[in-house]
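Numbering of the sequence shown is given in the working numbering, commencing with residue 7 and proceeding in unit increments.
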Amino acid sequence: MLCPPVFVEGKVRSIRCALSCAGGIQPPEAAPYLPFFLFFPLFPSLFAHRRFSPPPGRPQYFTKLSIAPITILFYLTRSPHFMPTRILGLSAFYHDSAAALVVDGTIVAAAQEERFTRIKHDHNFPTKAVNYCLREAGIGPEEIDYVVFYDKPLQKFDRLLETYLAYAPAGLRSFMMAMPLWLKTKLHLPREIRKALGGKYRRRIAFTRHHESHAASAFYPSPFEEAAILTMDGVGEWDTASIGLGRGHKIELLKTLEFPHSLGLLYSAFTYFCGFKVNSGEYKLMGLAPYGEPRYEKVIRERLMDLKDDGSFRLDMRYFNYAQGLTMTNAEFARLFDGPPRDPESSITQREMDLAASIQKVTEDIVLRMARYAKELTGARHLCLAGGVALNCVANGVLLKAGIFDDIWIPSAAGDAGGALGAALFCQHQLLGRERTPQPGDTLGGALLGPRFSNAEIRAFLEAKGIRHHYCAEEAELLRLTAQAIAEEKVIGWFQDRMEFGPRALGARSIIGDARSAQMQSQMNLRIKYRESFRPFAPSALEEDSPVIFDLEQPSPYMLLVAPVREDLRCALTDEEQTAMRDPDLRKRVNVKRSSVPAITHVDFSARIQTVNEARNGRYYRLIREFKRQTGSGVIINTSFNIRGEPIVCTPQDAYRCFMGCDMDVLVLENFILYKTEQPQLSREEKDTYVASFHLD
Ligand SMILES: [Fe+2]
């Protein structure tokens with residue numbers, strides 16, 4: 007295929023454009039209107055004397071002076087400089103619905119709907135997440151100033167119609183399946199949003215472009231005054247990737263790539279073909295890649311795409327089905343890659359491993375090309391990344407190592423859930439023109455933006471249910487006992503502080519264990535997660551210790567960078583282990599001890615790192631520090647507090663249910679410690695019922 011470059015000029019978004027698209031948000035900058043505010047109150051009073059007679063015996067000017075302060079007060083109370091501006095951001099109706107609340111530029115709360123409804127990747131309107139955000143701020147729906155939705159449904163609908171027409175009649179079935187939701191809900195979003203807010207919200211609703219939301223979620227909370235912005239995902243309205251520049255409080259999208267040419271959808275096509283769930287199993291494909299050889303890389307480059315130097319590309323749609331069908335790939339694709347797609351849950355063969363390695367390599371190359379082009383376009387020293395592809399932490403690690411930018415920053419919720427926060431921040435800074443002050447680190451607060459439960463609330467729950475527990479009034483004692491249990495190779499549910507915003511557990515709703523234990527990986531997978539995983543667990547390491555454990559100099563607070571375990575910690579393999587490393591059974595390969603921290607070391611010595619510091623992580627940092635005091639190791643296993651298919655736990659009730667539903671040994675709920683040996687044992691059937699209540703992801 008020979009085609010012209012495919013990046014298109016980004017639609018530069020002026021305030022005027024924003025106003026029309028946003029349904030009439032008025033930029034309430036008070037300063038330019040101040041003289042008007044001061045003199046306007048006199049206007050009605052100038053005319054008042056014509057209609058109202060002054061009280062007997064009072065001079066004419068009394069009327070003027072009595073009206074003026076009332077009018078001034080009225081305008082002042084409308085001015086954003088005197089009243090907090092509360093902006094609710096929403097993402098919904100695709101996957102990972104979420105809500106976020108920004109008050110005067112501060113991120114007050116953000117959460118995914120799945121955590122409340124207990125439905126993984128819940129796509130419905132985030133009613134419960136909205137209620138939580140409002141509760142956290144102590145306000146009602148009528149006190150919200152702006153509601154902002156994270157994409158433009160009409161433009162999305164336009165893309166759907168154009169695509170169906172282009173492929174008609176091939177996509178008829180898919181079209182008929184999609185239409186009811188569009189006609190009933192998605193085309194009436196203002197009505198649906200108002201209904202969901204109990205009819206109490208009467209102000210305007212704004213809609214941002216999907217990639218503006220991603221770009222805003224990446225740039226505004228970042229520590230940078232100026233940065234290039236790269237967003238890559240499946241698809242928004244038309245855009246599938248964008249390159250932009252953030253400076254101060256403004257974002258400008260300079261170039262975009264358009265549907266159907268999408269890096270996210272290309273990766274999802276291979277996810278589907280390898281038997282994993284789209285929009286969920288992409289990280290499994292990424293974890294599978296180190297087992298394979300990229301022997302399909304050439305085929306992907308030569309047959310599936312026409313890749314340009316700037317990272318833009320055209321896909322050959324003869325091999326894909328996602329534009330018009332109900333699957334991602336078609337028979338032509340299967341012919342190209344040696345047979346039909348793998349059946350979900352069937353055993354993984356070398357073909358899938360090689361496919362994973364190949365598409366991972368191509369993805370990394372595309373990300374690098376786009377990043378180089380972003381550097382060329384903007385000249386910026388820093389880069390912000392977002393969109394679903396930014397969750398590919400292996401590619402992020404490669405990008406960081408390439409040194410194209412001095413530093414990169416990726417938000418915890420880089421996918422569509424983060425679009426809710428991005429939409430709210432876009433309104434705050436871009437549409438309303440409010441200044442922004444970057445902070446060292448970032449302004450995401452360690453992504454701890456969800457609900458918190460006090461010791462009093464937890465005690466009330468435990469006592470109401472008659473659950474045996476121990477209360478540690480002193481944090482030092484709590485940490486000593488927990489660290490001791492980790493060192494004894496116990497599996498611990500760790501429930502503290504506010505819940506994380508984003509797909510990763512970051513030490514607030516985590517299952518933790520000893521990274522030095524060779525058995526811990528298989529134990530945790532089989533007894534706790536109910537899965538036979540080929541992926542190692544992720545580590546949480548003290549930020550100051552990270553450089554001596556991993557080849558990573560910079561912090562990775564949101565577990566979005568992959569780097570190798572340092573060579574001096576790696577193990578030489580015995581003959582037997584070398585044989586095991588060639589075994590078709592991946593569980594045998596993953597169980598070979600690769601380093602002195604085997605539970606978190608992948609077969610290629612890589613690790614998906616979370617660095618932890620006291621300012622961001624508080625008690626979680628102090629726990630790992632205590633573990634280091636006891637054992638000399640400043641790194642532990644951190645995996646999400648859930649079983650397979652279950653959303654990460656949100657409440658103490660969720661945590662206790664999960665603790666009882668699997669073979670976890672200890673549960674730490676704020677200052678309370680629960681030991682499994684002191685709890686009534688659930689029967690196998692009861693545990694099976696719990697496991698069966700979640701769909702496999
Ligand atoms: Fe997206």
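We treat Cβ as the ideally placed atom computed from N, Cα and C, and that holds for glycine.
| query | result |
| --- | --- |
| Take every Cβ of the stretch 229-247, pair it with every Cβ of the stretch 435-445, and state whether three or more of those distances are shorter than 8 Å. | yes |
| State yes or no: is the C-beta of A172 within less than 8 Å of the C-beta of H129? | no |
| For C478, which of helix, strand or coil comes out of DSSP? | coil |
| Going by CA-CA distance only, name the one from I235, A116, P346, A661 that's closest to R515. | A661 |
| Whose beta carbon lies closer than 7 Å to any heavy atom of ligand 1, going through the chain in order? | H216, H220, D239, G240, G242, G393, G394, G421, D422, G425 |
| Would you check if there are 3 or more beta carbon pairs closer than 8 Å linking the stretch 537-549 to the stretch 607-614? | yes |
| Nearest to S103 by alpha carbon, out of M89, T123, G111, T112? | T123 |
| Pick from N597, L592, H217: whose alpha carbon is nearest that of C390? | H217 |
| Going by beta carbon distance, what residues of the same chain come within less than 6 Å of Y696, once the five residues before and after it are set aside? | G667 |
| Can you name the start and end residues of the beta strand (DSSP E) that H388 belongs to? | 388-392 |
| Could you check what DSSP says for A37 in three-state terms: helix, strand or coil? | For A37, the predicted structure reports a pLDDT of 43, less than 50, and the residue's modelled location is therefore unreliable. A value from the coordinates is still provided. Reduced to three states, the DSSP call for A37 is helix. |
| Below 8 Å, how does it come out for the stretch 587-601 and the stretch 672-685: are there three or more Cβ pairs, yes or no? | no |
| With distances taken from CA atoms, which of L455, L438, A466, H476 is nearest C139? | L455 |
| At 4 residues or longer, and completely inside the stretch 586-616: list those alpha helix (DSSP H) runs for me, N to C. | 592-596 |
| At which residue ranges does the stretch 543-570 contain complete beta strand (DSSP E) runs of 3 or more residues, listed in the order of the chain? | 544-548, 567-570 |
| Once the 5 residues before and after F279 are set aside, which same chain residues still bring their CB inside 6 Å of it? | T335, P347 |
| For F432 and I150, I'd like the C-alpha separation in whole angstroms. | 16 Å |
| Using a 10 Å radius around the Cβ and a threshold of 16 neighbouring Cβ atoms, would you call H476 buried or exposed? | exposed |
| So the candidates are G298, I249, G242, T262; which of them puts its Cα closest to the Cα of L271? | G242 |
| What residues in its chain sit with their C-beta under 6 Å from that of K192, if we drop five residues either side in the sequence? | F99, P159 |
| Quick one: using the 10 Å Cβ neighbour count with 16 as the cut-off for buried, is Q659 buried or exposed? | exposed |
| Do you know how far the Cα of A202 is from the Cα of F131? | 8 Å |
| Would you mind reading off the limits of the beta strand (DSSP E) that contains G250? | 245-253 |
| Go ahead and label L332 buried or exposed: buried means 16 or more other beta carbons lie within 10 angstroms of its beta carbon, across all protein chains shown. | exposed |
| Who are R92's beta bridge partners in DSSP? | V109 |
| Looking only at its own chain, which residues have a Cβ that is under 7 Å from the Cβ of F363, when we skip the five neighbours before and after it? | Here the sequence assigns Ala to residue 363, which means Phe is not the residue at that position. So the qualifying residues of the chain are A295, G298, E299, P300. |
| Where does P175 land, buried or exposed, given buried means 16+ other C-beta within 10 angstroms? | exposed |
| Among the candidates R663, V554, Q161, L566, whose CA atom is the shortest distance from the CA of R510? | L566 |
| Mind checking which residues open and close the beta strand (DSSP E) that includes E258? | 256-264 |
| Tell me which residue opens and which closes the beta strand (DSSP E) that N402 is part of. | No beta strand (DSSP E) holds N402; the alpha helix (DSSP H) holding it covers 399-408. |
| What's the C-alpha gap between I679 and Y626? | 15 Å |
| Around the Cβ of L189, are there at least 16 other Cβ atoms within 10 angstroms (buried) or fewer (exposed)? | exposed |
| Looking only at its chain, what residues have a beta carbon closer than 6 Å to the beta carbon of A420, apart from the 5 residues adjacent to it on each side? | A392, A396, L397 |
| How many Å lie between R197 and E119 at the Cα? | 20 Å |
| Give the secondary structure of V697 by DSSP, where H, G and I count as helix, E and B as strand, and everything else as coil. | helix |
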